[in-house]
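1 is the number of the first residue of the sequence shown in full-length UniProt numbering; add one for each residue after it.
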Amino acid sequence: MTNSTSTSKPRVIVDPQTLSQRRTTRPRTQAQITDIRQTKEYKVAARRWLSTIVALPIFLYTSWVLYDRTYGNSKPKRLGRPSTEEKEKE
Numbered sequence: 001m002t003n004s005t006s007t008s009k010p011r012v013i014v015d016p017q018t019l020s021q022r023r024t025t026r027p028r029t030q031a032q033i034t035d036i037r038q039t040k041e042y043k044v045a046a047r048r049w050l051s052t053i054v055a056l057p058i059f060l061y062t063s064w065v066l067y068d069r070t071y072g073n074s075k076p077k078r079l080g081r082p083s084t085e086e087k088e089k090e
């Protein structure tokens, strides 16, 4: 037992009152703290990220549809039913 305690680090006891005093005496400078969201670099990065988030699903779906039309058996969708006149022409 004594061998294991002698090789381990000594236990440090901290008074809670001195710990709370240290926390309250830390100087706070509100003027130095700025909102990062107001910087130009953040706005540029946020715009790029938002564009990526919006464009990626559109790109993936469009690519899948075009791939399916090219190599699959899918045909382009039609908006309306063909009229009887178009059927007679064929």
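The beta carbon of each residue, even a glycine, is placed where N, CA and C say it ideally should be. Remember, it's a predicted structure, so these values are computed and weren't measured experimentally.
Item: The alpha helix (DSSP H) enclosing Ile58, as first and last residue numbers; Value: Lys40 to Tyr71
Item: Pro76 versus Arg47 - alpha carbon distance; Value: 34 Å
Item: Cα-Cα separation between Tyr61 and Val44, rounded to whole angstroms; Value: 26 Å
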